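Engineer: I have a structure here, written as structure tokens, and I will follow up with some questions on it.
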Amino acid sequence: MQDHLIAQQVIQWRRALHQRAELSHQEYQTTAYLITELQAFPALTLYQPSPTGVIARLQGSLPGPVIGLRADIDALPLQEQSDSLFKAYQYNTMHACGHDAHSAMLMGTIKALCERQESLAGEVWFIFQCGEEMSPGGAKALVESGLLDNVSCFFALHVQPDLPCGKITIKPGIATANRDTFHMTIQGQGGHSAMPHQCHDPLVASAAIVSQIQSIVSREVDPREMAVISVCSLKSGDGTTARLPDSATLCGTVRSYTTEVRETVKAALRRVCQMTAQSWHCQGDIHFDAWDYSAIINDETLSRQALDAAATIFGQDNTIQATQAMCVGEDFSEYRAIAPICFAWLGVGYPDRHNYPLHHACFDPDEQAFIFGVRYYLAIIEKMTATRTPPHHH
């Protein structure tokens with residue numbers, strides 16, 4: 001493989017995808033572009049089990065394992081704050097979570113593997129998945145489609161600006177958090193703001209609920225465990241000061257690592273919502289999104305193999321076995337219903353300047369990092385299949 005040629009091509013793919021940024025489950029242009037680019041590789045078999053997203057399969061010449069590599073393709077509802085030459089065409093839509101890079105690195109891996117298909121053992125499924133940023137995510141439908149039932153293990157990479165370019169980190173075991181989204185409605189009784197005694201004020205009840213929520217983790221969760229509850233929105237009233245509103249709505253997120261803590265916190269939220277509202281003569285209702293994300297649990301054996309493979313690319317010092325899980329939610333966890341999974345964080349931080357975090361309007365990964373992602377995937381495949389690289393013909 002000629003690294004520099006693939007590196008340049010990956011950057012071009014990423015920029016083209018960056019310009020075509022589309023929101024979850026609306027990635028029609030992105031999908032059309034990917035299909036066009038994938039059709040340049042006749043060795044691939046393409047599948048489209050959902051309206052957006054695409055899956056490509058490469059059958060090796062020798063028997064071997066069936067490996068799944070997954071990239072996500074959707075963007076975020078964010079207006080890009082950068083002067084780049086390849087800003088998104090669509091207003092208020094931006095690849096602020098690096099899914100353009102994830103897809104481009106998968107394309108680069110395809111290009112490299114198609115060049116050496118005659119020495120590939122087994123088969124590789126390349127999954128360009130829609131809707132990761134939204135619940136339910138695109139992974140659930142793919143898992144339920146049955147198309148990937150023969151895959152024996154799944155790998156994914158996620159860019160990480162907190163980590164410098166040239167480094168990679170993998171956390172065996174629990175690697176990301178459970179994510180639950182809640183919505184509360186506090187029903188009171190509005191009326192004149194100068195006569196609150198004739199009203200049941202949903203705003204005061206909501207303020208009390210937000211306040212009470214702050215004690216759930218400290219009083220109900222084992223101090224050795226982790227949970228985060230954030231109220232992200234509180235809406236009530238119409239801006240007039242002459243009237244108290246009839247109702248209020250709150251929404252937020254819960255993050256946890258274990259099922260036990262997850263259920264403890266959800267039960268406490270239900271109780272706080274209903275009881276606190278009641279104490280202010282209001283009615284509190286809460287519901288949780290039916291399909292939120294479970295924690296990614298990286299298979300211990302796969303993680304070990306991935307760390308070994310990564311060390312051959314990044315070097316031992318730059319291959320980090322993490323001890324702390326990340327608090328983000330990721331629907332890559334769904335693939336564990338089929339086979340063991342392994343999720344890694346790829347450093348895309350610039351060594352000598354400020355790096356904006358993921359989901360920021362100025363997020364700008366170091367493009368020099370992308371070739372490392374391709375080489376990591378190739379090293380994984382080589383390790384899992386013991387690929388023999390054919391001699392170069394000059």
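Using full-length UniProt numbering, read the sequence shown as starting at 1 and increasing by one per residue. Ideal Cβ placement from N, Cα and C applies to all residues, glycine included. No experiment lies behind these values; they were computed from the predicted model shown.
In chain order, which beta strand (DSSP E) runs of at least 3 residues are fully inside the UniProt domain "Peptidase M20 dimerisation" (177 to 274)?
Structural biologist: 178 to 187, 227 to 236, 247 to 256
Engineer: What distance in whole Å lies between the Cβ atoms of residue 171 and residue 331, which are believed to be in contact at a cut-off of 8 Å?
Structural biologist: The pair is not a contact, with the Cβ atoms about 17 Å apart (cut-off 8 Å).
Engineer: Less than 7 Å between C-beta atoms, sequence neighbours within five positions excluded: which residues of the same chain meet that for residue 393?
Structural biologist: In this prediction, residue 393 scores a pLDDT of 44, lower than 50, which makes its location untrustworthy; no coordinate-derived value is stated.
Engineer: Looking only at its chain, what residues have a beta carbon closer than 6 Å to the beta carbon of residue 45, apart from the 5 residues adjacent to it on each side?
Structural biologist: Only 57 meet the Cβ criterion.
Engineer: Pull up the DSSP beta-bridge partners for residue 55, would you.
Structural biologist: 47, 127
Engineer: What residue from 369, 364, 108 has the CA that sits closest to residue 10's CA?
Structural biologist: 108
Engineer: With DSSP collapsed to three states, give me the class of residue 326.
Structural biologist: coil
Engineer: For residue 390 and residue 128, I'd like the C-alpha separation in whole angstroms.
Structural biologist: Residue confidence for residue 390 is low, a pLDDT of 45 falling below 50, so the modelled location carries little weight; the figure read from the coordinates is stated next. Those two C-alpha atoms are separated by around 28 Å.
Engineer: Taking 8 Å as the cut-off, decide whether the C-beta atoms of residue 138 and residue 50 are in contact.
Structural biologist: yes
Engineer: Along the chain, where does the beta strand (DSSP E) that runs through residue 69 open and close?
Structural biologist: 62 to 72
Engineer: For a test of the three-state rule: what should DSSP assign to residue 134, helix, strand or coil?
Structural biologist: coil
Engineer: For residue 387, is the classification buried or exposed, using 16 other Cβ atoms within 10 angstroms of its Cβ as the cut-off for buried?
Structural biologist: Low per-residue confidence applies at residue 387: pLDDT is 44, beneath 50, and the placement is therefore not dependable, though the value from the model is reported in the following sentence. Label assigned to residue 387: buried.
Engineer: Taking 8 Å as the cut-off, decide whether the C-beta atoms of residue 381 and residue 343 are in contact.
Structural biologist: no
Engineer: On the CB-based measure, 16 or more other CB atoms within 10 Å of its CB, does residue 94 come out buried or exposed?
Structural biologist: buried
Engineer: Note down, one range per segment and in chain order, each beta strand (DSSP E) of at least 3 residues found wholly within the segment 313 to 366.
Structural biologist: 319 to 321, 341 to 349
Engineer: If we ignore side chains and look at the alpha-carbon of each, how far apart do residue 371 and residue 214 end up?
Structural biologist: Here the alpha carbon of residue 371 sits roughly 44 Å from the alpha carbon of residue 214.
Engineer: Name the one or two DSSP bridge partners that residue 94 has.
Structural biologist: 76
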